[in-house]
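*Asks:* Residue numbers (my numbering): 25 to 280.
Handing you this structure, nothing more for now.
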């Protein structure tokens, strides 16, 4: 049965989005829930596309320089859309109490925003295809080193951001102790593989400004490139999940 909404003055039923005597349109509870679910589904769709674009951006040897630039522009546009879809976070920035989890999430978000802005600015200043008119916006050597470092910081912080939000989902996968243990071991194994690949591929050198140039193996098959990028991203996702779970454990223990 649909929810019944009654106008206070007239006593008329306004269910189904009918107009009241005052001229205001009332939407029933079922329609509201459907709209909320649709909005949430669209947000998840945007998030999935963002992750796919992130993996493509770190596969420059597969995409090539021109497509790499256009993917970067597309991802920047989607990041703006992601922010608009989650505008409530900005609106509540100075509201409510800051728990330890909220503090960490806020720090990660702000650091990620800074890394993304620097990545975009240095990227467009080296653009040869998508935005050639902005080429030379900053000095080439500076732009090259900062773009390399900031893009990987953005990559790492996006993974941590994703993990901080995924912790509650992974913890509800099953009530079975055995299943939870298997999932935890699988997550740890994937994260360990990602850490090994990060070190093997010299990513710490990029993060900490130890080199101006990315070492790219153009002979590596595309499938292997994307698999490695996904594993590397998952290491940072796992870090976010572990931090969120530790904070949840600390909060539960504190309440007891």
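Yeah, the Cβ is synthetic: ideal placement off N, Cα and C, and Gly gets one too.
How big is the Cα-Cα spacing for residue 206 and residue 145?
*Replies:* Taking the straight line joining both Cα atoms gives about 43 Å.
*Asks:* Given residue 226, which residues of its chain have a CB within under 8 Å of its CB, disregarding the five upstream and five downstream residues?
*Replies:* Within the same chain, residue 226 has close Cβ partners 235, 239.
*Asks:* Pull up the CB-CB distance for residue 99 and residue 79, whole angstroms please, since I reckon it's below 8 Å.
*Replies:* Not a contact, Cβ separation roughly 11 Å.
*Asks:* Within its chain, find whatever has a CB closer than 8 Å to the CB of residue 231; leave out the 5 residues flanking it on each side and keep chain order.
*Replies:* Once the five neighbours on either side are set aside, the close Cβ partners of residue 231 are 173, 176, 177, 180.
*Asks:* When DSSP labels each residue in this structure, what does residue 122 get in the three-state scheme?
*Replies:* In this structure, residue 122 counts as coil in the three-state DSSP scheme.
*Asks:* Are residue 191 and residue 121 touching if we call contact CB-CB under 7 Å?
*Replies:* For residue 191 and residue 121, no; Cβs fall outside 7 Å.
*Asks:* Suppose you measure from the CA of residue 74 to the CA of residue 97; what does that come to, to the nearest Å?
*Replies:* Straight-line Cα distance between these residues: approximately 12 Å.
*Asks:* Which of the three DSSP states, helix, strand or coil, is assigned to residue 253?
*Replies:* Residue 253 falls in the helix class under three-state DSSP.
*Asks:* Quick test of the definition: if touching needs 3 or more C-beta pairs under 8 Å, does the stretch 257-268 touch the stretch 204-221?
*Replies:* Touching, yes, given that three or more Cβ pairs across the two stretches are closer than 8 Å.
*Asks:* Quick test of the definition: if touching needs 3 or more C-beta pairs under 8 Å, does the stretch 88-97 touch the stretch 149-161?
*Replies:* The stretch 88-97 is in contact with the stretch 149-161.
*Asks:* Can you check whether the CB of residue 149 is closer than 7 Å to the CB of residue 165?
*Replies:* Cβ distance not < 7 Å, so residue 165 and residue 149 don't count as in contact.
*Asks:* Within its chain, find whatever has a CB closer than 7 Å to the CB of residue 143; leave out the 5 residues flanking it on each side and keep chain order.
*Replies:* For residue 143, where only same-chain residues beyond five positions count, the Cβ hits under 7 Å are 171, 174, 175, 178.
*Asks:* In the DSSP assignment, find the unbroken alpha helix (DSSP H) run with residue 229 in it and report its ends.
*Replies:* Residues 227-231.
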